[in-house]
Structure formats: C-alpha cells, structure tokens
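Residue numbers (the working numbering): 543 to 826. Positions of the beta carbon are idealized from the N, C-alpha and C atoms, including for glycine. Treat the numbers as computed from the prediction; the structure is a model and nothing was measured. Report on one structure; see the data block that follows.
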C-alpha cells in the first residue's frame, strides 16, 4: 500500500479544513459553522461535473480503467531494481554452467511477462540485435501507454481550475444582474458563493489530480528502469559475460546510495570477519 500518498492526501485535507474552521484569535478557536460557507451544490456540480465531462470527452477509452489506475498508484513498490539484478546474476551463473537452454525452466517461473519474454528470446537462440530491438520496442510502447494515462490526469488538473473560473464568472454575472434595486447587504454572501467554485477547482486540481499523475509517473519510471536493467542483463547473459562483471554493470543503473546499500553489507561483513580472524590470531 502506498502509505505516503494516503498520508499526504489526508494531511492536505486536514490542513485545508483546519485553515477554514480554526481562528486562534477567537474564543472558542474552532468554528465548524464556517465549513458551511464552502458548501454549494451548484458550484460543486459545475466544477466536478464539468471536469469529468472534459476528461471523458478527451480520453473515452481510458476512463473505464480508472479503478485499475488507482490500484497501481496505491500498491506498494512493485518494481525493485535490486531484485532484478539478483535474478539476472543468478541466471548468468546458470547459463555459464549449463548453457542458455537451462534458463527455460527459470523463465516459466517468472511472474513478470516482460522478463519471461526476454529470457525465452535468448533461449530460442535469436539474433542479439533482434532481441534488443524487440525488448526496447516493448519498453517504448509500454511507456507511451503509461504517458497517455498520465496525460488524462494532467488534463483533469488543467480543466478543474478552468471550470472553477467558469463557475465564478457565472456567479458574478448572476449577482451583478440582480444588483438593481437589490439589498446591498446580500452582496458579500453572493460574492462568497461565486468564488467558492474557484476553491473547488484549485482543490480538485492540486489535491486530487496532480498527486495521481505524479504517482503514476513515478511508477512508470520505476518500471522502465527495471526493464532497461532486464534488457542489459539478458543481452550480457546471451553474450556469456561473467556474472560478477554483469552484476557490477547492472548496479550502475541505480543511485550511488542504493549501490552502497547493496554492496556494502557483504563487503563490510567480509572486512569485519577478516578483522575478527586476525584479532583471534594475534590473541593466540
């Protein structure tokens, strides 16, 4: 579960409500009646309804996959580069001892269809250039599909403030039309209702749509990185590269901090054991 996103969303809603209802200079400092000033059904209908209508009109085929998108965004990190590096290193060791045909059994154990396809391509003794071309094209097409989904939420993020402004203009026009002979004491409340649509539009864009688009972008980058690691690893295995050198090469795809975390344990452990052994020798 993507706890960070849920915490961020909850905090954004909390601080918004806190800013509306709390006045530290007043007694009591919390006035929940102020929340009623921000509730207006017509304004909500204009902003939410209009924004969803634009998204549906622009991306009719993608809207039906909305639950799937949210599931992808909310799930825990599914693509861990270090896991793929370990698996590819293991495959390189097997191929070096028993040949590429021995990898077919490992391919059938894979739950990632891209990884399975990559292994089977070299098991079937395909030309290396052809293997790389197929896999890189798969990555490119997958990323393009992801970018289409992300663009849908970015469209919603752009449309929500626009409909907020439309709702505000509608409210102002109706208010100004009714000013002739009207009670001027109602001017403030009417202006407040007209402006609340702008609030709805900004909230919908920056608290709902933008975080979803950002999280989906992060998921796409994670998947693309892991698939690039798979491509490089598979091509190296096909060429018979040393598993140790393969691991070092694949680790370069990750950040320095991640590499230190992956390699530091074994290295430090070896030095620690060596130090203890030397210490025992000196004691003897």
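DSSP-derived helix/strand/coil call for residue i
i	result
residue 564	strand
residue 554	helix
residue 762	helix
residue 603	coil
residue 774	helix
residue 581	coil
residue 794	coil
residue 544	coil
residue 784	coil
Pair within 8 Å by beta-carbon distance, residue i and residue j
i	j	result
residue 746	residue 704	no
residue 775	residue 638	no
residue 742	residue 597	no
residue 645	residue 673	no
residue 642	residue 692	no
residue 614	residue 791	no
residue 577	residue 554	no
residue 763	residue 619	no
residue 653	residue 785	no
residue 709	residue 744	no
residue 779	residue 634	yes
Contacts around residue i, its chain only, beta-carbon distance under 8 Å, and the 5 residues preceding and following it disregarded
i	result
residue 582	735, 738, 739
residue 714	733, 736
residue 547	615, 616, 753, 757
residue 677	656, 659, 660, 663, 769, 772, 773, 776
Own chain, CB closer than 7 Å to residue i, minus 5 neighbours either side, in chain order
i	result
residue 656	680, 769, 772
residue 751	695, 698, 699, 702
residue 649	658, 661, 662, 665
residue 717	732, 733, 736
Those residues which DSSP pairs with residue i across a bridge
i	result
residue 661	Beta-bridge pairing links residue 661 to no other residue.
residue 572	564
Neighbourhood of residue i by C-beta, 6 Å cutoff - its chain only, sequence neighbours within 5 removed
i	result
residue 688	762
Ranges of the beta strand (DSSP E) found wholly within the segment 690-742, counting only runs of at least 3: As far as the segment 690-742 is concerned, it has no whole beta strand (DSSP E) run of at least 3 residues.
Write down every uninterrupted run of the alpha helix (DSSP H) in the segment 614-692 whose length is 4 residues or greater and which is fully enclosed by it, in chain order. Whole alpha helix (DSSP H) segments, 4+ residues: 623-640, 646-651, 655-665.
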